[in-house]
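Numbering (the numbering used here), first residue to last: 79 to 415.
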Amino acid sequence: MEPRRKFLKKIIAGTALLPLSATYGGELLRKKSTKPIVISTWDFGVAANKKAWEVLSRSGTALDAVEAGVRVAEADLSNKTVGKGGYPDRDGNVSLDACIMDHEGNCGSVGALEHIAHPISVARKVMEETPHVMLVGEGALQFAIDQGFQAEDLLTEDSKEAWQEWLKEKQYTPIMNIENKHFNKELLPGGQYNHDTIGMLALDEFGNLSGACTTSGMAFKMRGRVGDSPIIGAGLYVDNEVGGATSTGVGEEVMRTVGSFLVVELMRQGMSPEQACKEAVLRIVKKKPNVAREIQVGFLAINKKGEYGAYALQEGFTFAVCDENKQDSLFDGNSIY
Ligand code: ASP
Numbered sequence: 079m080e081p082r083r084k085f086l087k088k089i090i091a092g093t094a095l096l097p098l099s100a101t102y103g104g105e106l107l108r109k110k111s112t113k114p115i116v117i118s119t120w121d122f123g124v125a126a127n128k129k130a131w132e133v134l135s136r137s138g139t140a141l142d143a144v145e146a147g148v149r150v151a152e153a154d155l156s157n158k159t160v161g162k163g164g165y166p167d168r169d170g171n172v173s174l175d176a177c178i179m180d181h182e183g184n185c186g187s188v189g190a191l192e193h194i195a196h197p198i199s200v201a202r203k204v205m206e207e208t209p210h211v212m213l214v215g216e217g218a219l220q221f222a223i224d225q226g227f228q229a230e231d232l233l234t235e236d237s238k239e240a241w242q243e244w245l246k247e248k249q250y251t252p253i254m255n256i257e258n259k260h261f262n263k264e265l266l267p268g269g270q271y272n273h274d275t276i277g278m279l280a281l282d283e284f285g286n287l288s289g290a291c292t293t294s295g296m297a298f299k300m301r302g303r304v305g306d307s308p309i310i311g312a313g314l315y316v317d318n319e320v321g322g323a324t325s326t327g328v329g330e331e332v333m334r335t336v337g338s339f340l341v342v343e344l345m346r347q348g349m350s351p352e353q354a355c356k357e358a359v360l361r362i363v364k365k366k367p368n369v370a371r372e373i374q375v376g377f378l379a380i381n382k383k384g385e386y387g388a389y390a391l392q393e394g395f396t397f398a399v400c401d402e403n404k405q406d407s408l409f410d411g412n413s414i415y
């Protein structure tokens, strides 16, 4: 038998020769032949991907990339559906939902979080600093403050004006179908879409996948309403053996079908990302054909090979892709209607 010291020496020498360039949770990550790529929902995904790509292209992890990427959308005050500047609930409170998931199946989430501009970073802290997956409302805020996040007013003048306009109409019932092509967007102040989410998925050069999802949810929603976006399995799911998926659109229908988990499981059974997204959308159609015609839901997915695809109920769902060959790319997702 080899003496123990000699054996250890061999291992250490071998390790030193390996191209190690990052650590995660104390673990050394080895480069694989995987080409990094990041994808995300909607037009605002282009700017967010750019930031994520800065991380990926410098041998960063997918987890760091998706957090940095979606923070761009959260910080954009002109974005009325994500982060600070997002439209408030029907009582005028901006409440945010977000979640994050890594290649080891670790995940963290916050729901109905107020006063914190970057819920995705709070979700990451929930994942890394607590034994829990999800914190909501007051408790999530308290945790964020304990972690050093600054509490601030998230209601911008623009969003306040839009909310006050909306109050005049006294449409105290949330509108769920603003993205439907038949819907008159002029009915909303500023003709704005009243919901959207940034869902982002990244594959790093270590062959690992992570995802992030963040939103202010439905504009003028009922106080306390939480959508699919912070729900692991609904708004986001990552399985490093298979792939990852994220969703946008009317969260209630995504939650009823546990949409992102479904997409990943369908990819596990051999479907391409686009086929899996289409099948998940069809599940909504099958369960609620009348509702499905009137609302928007879109899924975006990536597999372990870095192949990606999307599918939506209605046309108009866009997604952004960034890798070493494609920068600033925006695609139209296929749709049922
Ligand atoms: N899925 C989000 C929610 O239901 C909204 C959206 O993406 O349009 O809160």
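Each residue gets a CB set at the ideal place from its N, CA and C atoms; glycine is no exception.
Here the structure is a predicted model, which is why all the values come from computation and not from measurement.
Beta bridge pairing from DSSP links Tyr389 with Phe377 and Asn412.
When only Cα atoms are considered, Thr292 and Asp169 end up about 21 Å apart.
Out of Leu378, Leu360, Ala190 and Glu283, the CA that lies nearest to the CA of Ser294 is found in Ala190. Judged by the Cβ position, Val328 qualifies as a neighbour of the ligand ASP at the 7 Å threshold, a heavy atom of the ligand being closer than this. Per DSSP, Val124 is one residue of the alpha helix (DSSP H) stretching across Gly123 to Leu134.
Restricted to the stretch 128-184, the beta strand (DSSP E) segments that are unbroken, complete and at least 3 residues in length are 173-179, listed in chain order. Setting aside the 5 residues that flank it on each side, Ile115 is surrounded in the same chain by Leu281, Gly384 and Asp401, each with a C-beta closer than 6 Å to its C-beta; the list follows chain order. The three-state reading of DSSP puts Gly215 in helix, counting H, G and I together. The beta carbon of Lys162 is closer than 8 Å to those of Glu152, Ala153, Leu155, Val172, Ala195, Glu230, Leu232 and Thr234 in its chain, skipping five residues each way along the sequence. In this structure, DSSP gives Asp224 a helical state, which the three-state scheme calls helix. A residue is called buried once 16 or more other Cβ atoms fall within 10 Å of its Cβ, and Ser413 is buried on that count. With fewer than 16 other beta carbons inside 10 angstroms of its own, Gln405 counts as exposed. CA-to-CA, the gap between Lys299 and Val328 works out to about 12 Å.
DSSP places Ile310 outside any beta strand (DSSP E), giving it a letter other than H or E. Across the structure, Ser237 and Gly302 are spaced so that their CA atoms are roughly 19 Å apart. As for any alpha helix (DSSP H) of minimum length 4 sitting wholly inside the stretch 334-373, the runs are 337-346, 351-365 and 367-372, ordered along the chain. Between Leu213 and His193, the CB-CB gap reaches or exceeds 8 Å. Put simply, the stretch 318-334 touches the stretch 364-382. At least three CB pairs are less than 8 Å apart. When C-alpha distances from Ile223 are compared across Val200, Trp244 and Gly411, the shortest belongs to Val200. Going by DSSP, Ile117 is part of the beta strand (DSSP E) stretching over Ile115 to Thr119.
Only residues of its own chain outside the window of five on either side were considered, and among them Val341, Leu344, Met345 and Ala379 have a CB closer than 7 Å to the CB of Ala354, listed in chain order. Around the beta-carbon of Thr159, 16 or more other beta-carbon atoms lie within 10 Å, marking it buried.
Placement of the Cβ of Met212 at a distance of 7 Å or more from every heavy atom of the ligand ASP is found. Leu279 is a Cβ neighbour of Ile117, given a cutoff of 8 Å. Annotated as proximal: Thr119 and Thr275, with beta-carbon spacing under 8 Å. Per DSSP, the beta-bridge partners of Leu281 are Ile115 and Leu287.
Between the ligand ASP and the CB of Asp154, the shortest heavy atom gap is not smaller than 7 Å. As the crow flies, the alpha-carbon of Glu207 is around 44 Å from that of Glu247.
Separation of Gly311 and Val375 (C-alpha to C-alpha, rounded to the nearest whole angstrom) is 15 Å. Just measuring C-alpha positions, the residue of Gln228, Leu174, Phe221 and Glu216 sitting nearest Pro209 is Phe221.
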